[in-house]
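Before any comments, here is the structure.
Residue numbers (the numbering used here), protein chains in the order written: chain Y, 13 to 414; chain H, 877 to 1018.
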């Protein structure tokens, strides 16, 4: 993997002083994706599915071709790939439709403290409304979800398991394949939050055998405002839509309506056409580089940085054994918001705060953390600049009296 | 990092390390307002005691970054003893100064003027504003 060449694909990185370490929030976008989005706006701009004229037909083809590219990418069928606003909307769709129609009083829903709010809150809502019980997988001392701990909480009452594949704070890869197998033995359905997984590692839904899987384009070199819900076809075709309107129905009478099959029954209104077309291009871009190569590269950078950071006094790392490119840490005694302004001064973009995951921040017993996340366009030079800045920041805050 | 250094060197570190008027009181005569910024975790409670048109006391408690916590302390020191009219004027001037709006430079901001430097760090304006916004709420009639 030639990172120097890859960097050239990202126009924002023409500014050589910029060190972008916030991919876990949103990745940067390559020129190929921007051009593809632009191509739609400049050469088409028309609607899909509705027009009977040639330009609309061609645009619809381009749009649906993206769905096929994404389906192939995750090993799904075309009909199993639903376009949503993003992973949050996908996770909510599962809870609002499948959850609200299948969970009854006394049922159990397994989640974890490692979840993003978008993974746990939709199920907290279902649990409250249906008088079901939210059950948390106990985390290991490192903060991991393990098969062993999962076995301690799964029961015959478990109807849904909603867990992340890769934690957005700790960067751990959860053993979801084994968990899914066990959950199925107990008759539970599994919804996987893969927002931090699909951009960084090869994911095959048939191999995992997950029932639902959600992810977003903007974390994987694609446009914002578009994401995917994968679901097993027999589940999807038996689920009620949660939004009603144009394009999702078959026949409309005065008091009755029939819905289209998946994916269209869940896609009312004019979709984000440019974003879908751009998403397909982003997937092609990542496939071309190879997901295994990306994970290997970002993990190598993470190991490099963690080893150097461990030698710096006054730094606490919360996830040394992170399996991906995510490092959560703090400068001792310095609130992360104070620290992040220092890094910003060195043109290093990083996240500070709760990362939309208050449960794991509370579990860590800290007010908030800094988070650096590495991706395919980050270099060893970025790591060195970052480490240098960490040392300077620690000295600065010590010197002014923190 | 000269801007940042200047910012911290002035009053911020002093009030961050030695906050004045910290700790809430359990007294119904005080008006209490709690504001939270869930994205960064800043969490501030401000209490004000108003008697006969003037600010008799201001208390604060909370967690957050140095800019957030110190500004609550500076606020309390600046506003205790002012009339409600003056306190409102200072608060508006301070908030306008931070958000780069026009403001009356004649209004005496005392130590709070140190936060002028925060304007150079737009991402931190919220940190410096949160306690003042909470204070502003305590002045509002029910």
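C-beta: ideal position from N, C-alpha, C; glycine also.
Neighbour flag for residue i against chain H, beta carbons, 8 Å
i: residue 158 of chain Y; result: no
i: residue 32 of chain Y; result: no
i: residue 347 of chain Y; result: yes
i: residue 380 of chain Y; result: yes
i: residue 353 of chain Y; result: yes
i: residue 417 of chain Y; result: Here chain Y has residues from 13 to 414 only, and residue 417 of chain Y is not among them.
i: residue 364 of chain Y; result: yes
i: residue 412 of chain Y; result: yes
i: residue 183 of chain Y; result: no
i: residue 356 of chain Y; result: yes
Nearest to residue i (by Cα), restricted to the options the options
i: residue 180 of chain Y; options: Y:414, Y:366, Y:405 and Y:402; result: Y:366
i: residue 377 of chain Y; options: H:993, H:983, H:986 and H:917; result: H:917
i: residue 67 of chain Y; options: Y:78, Y:52 and Y:77; result: Y:52
i: residue 167 of chain Y; options: Y:144, Y:136, Y:120 and Y:137; result: Y:120
i: residue 207 of chain Y; options: Y:37, Y:384 and Y:30; result: Y:37
i: residue 974 of chain H; options: H:965, H:993, H:960 and H:957; result: H:993
i: residue 87 of chain Y; options: Y:130, Y:230, Y:221 and Y:24; result: Y:221
i: residue 315 of chain Y; options: Y:386, Y:112, Y:210 and Y:283; result: Y:386
i: residue 44 of chain Y; options: Y:398, Y:293, Y:384 and Y:271; result: Y:293
i: residue 251 of chain Y; options: Y:333, Y:262 and Y:271; result: Y:271
i: residue 79 of chain Y; options: Y:265, Y:412 and Y:274; result: Y:274
i: residue 291 of chain Y; options: Y:62, Y:57, Y:25 and Y:74; result: Y:74
i: residue 217 of chain Y; options: Y:188, Y:59 and Y:195; result: Y:188
i: residue 283 of chain Y; options: Y:58, Y:191 and Y:383; result: Y:58
i: residue 72 of chain Y; options: Y:60, Y:65, Y:82 and Y:134; result: Y:60
i: residue 191 of chain Y; options: Y:200, Y:183, Y:159 and Y:199; result: Y:159
i: residue 879 of chain H; options: H:896, H:998, H:1003 and H:1017; result: H:998
i: residue 903 of chain H; options: H:892, H:924 and H:893; result: H:924
i: residue 254 of chain Y; options: Y:372, Y:26 and Y:101; result: Y:101
i: residue 138 of chain Y; options: Y:394, Y:157, Y:129 and Y:111; result: Y:111
Spatial neighbours of residue i in its chain, beta-carbon cut-off 8 Å, leaving aside the 5 residues before and after
i: residue 15 of chain Y; result: 309, 388, 389, 390 and 391
i: residue 1008 of chain H; result: 947, 951, 967, 970 and 971
i: residue 150 of chain Y; result: 161, 164 and 165
i: residue 408 of chain Y; result: 354
i: residue 889 of chain H; result: 942 and 946
i: residue 347 of chain Y; result: 379 and 380
i: residue 877 of chain H; result: Confidence at residue 877 of chain H is low in this model, with a pLDDT of 49, below 50, so the placement of that residue should be treated as unreliable; the coordinate-derived value is given next. Excluding sequence neighbours, residue 877 of chain H sits near nothing in its chain.
Proximity test, Cβ basis, 8 Å: residue i and chain Y
i: residue 914 of chain H; result: yes
i: residue 900 of chain H; result: no
i: residue 880 of chain H; result: yes
i: residue 877 of chain H; result: The predicted position of residue 877 of chain H is uncertain, since its pLDDT is 49 and thus under 50; a value taken from the coordinates is nonetheless stated next. Interface residue, yes.
i: residue 1010 of chain H; result: no
i: residue 940 of chain H; result: yes
i: residue 999 of chain H; result: yes
i: residue 958 of chain H; result: no
i: residue 896 of chain H; result: no
i: residue 885 of chain H; result: yes
i: residue 917 of chain H; result: yes
i: residue 893 of chain H; result: yes
i: residue 973 of chain H; result: no
Residue i vs residue j beta-carbon contact at 8 Å
i: residue 405 of chain Y; j: residue 369 of chain Y; result: no
i: residue 203 of chain Y; j: residue 172 of chain Y; result: yes
i: residue 976 of chain H; j: residue 995 of chain H; result: yes
i: residue 209 of chain Y; j: residue 178 of chain Y; result: yes
i: residue 223 of chain Y; j: residue 244 of chain Y; result: yes
i: residue 170 of chain Y; j: residue 122 of chain Y; result: yes
i: residue 341 of chain Y; j: residue 327 of chain Y; result: yes
i: residue 931 of chain H; j: residue 911 of chain H; result: no
i: residue 318 of chain Y; j: residue 81 of chain Y; result: no
i: residue 412 of chain Y; j: residue 881 of chain H; result: yes
Residue(s) in a DSSP beta bridge with residue i
i: residue 340 of chain Y; result: Y:383
i: residue 32 of chain Y; result: Y:361
i: residue 120 of chain Y; result: Y:145 and Y:170
i: residue 228 of chain Y; result: Y:239
i: residue 176 of chain Y; result: Y:205
i: residue 347 of chain Y; result: According to DSSP, residue 347 of chain Y bridges with nothing at all.
i: residue 41 of chain Y; result: According to DSSP, which records beta bridges pairwise, residue 41 of chain Y is partnered with nothing at all.
i: residue 908 of chain H; result: H:923
i: residue 246 of chain Y; result: Answer is none; residue 246 of chain Y lacks a bridge partner.
Nonlocal neighbours in the same chain, by C-beta distance under 6 Å from residue i, ignoring five residues either side
i: residue 42 of chain Y; result: 21, 22, 233 and 297
i: residue 939 of chain H; result: 919
i: residue 13 of chain Y; result: 305 and 309
7 Å CB neighbourhood of residue i in its chain, flanking five on each side removed
i: residue 1012 of chain H; result: 967
i: residue 965 of chain H; result: 983
i: residue 256 of chain Y; result: 280
i: residue 90 of chain Y; result: 79, 80 and 83
i: residue 276 of chain Y; result: 259 and 260
Within chain C, the residues that residue i reaches when beta carbons sit closer than 8 Å
i: residue 350 of chain Y; result: Chain labels in this structure do not include chain C; the protein chains are Y and H.
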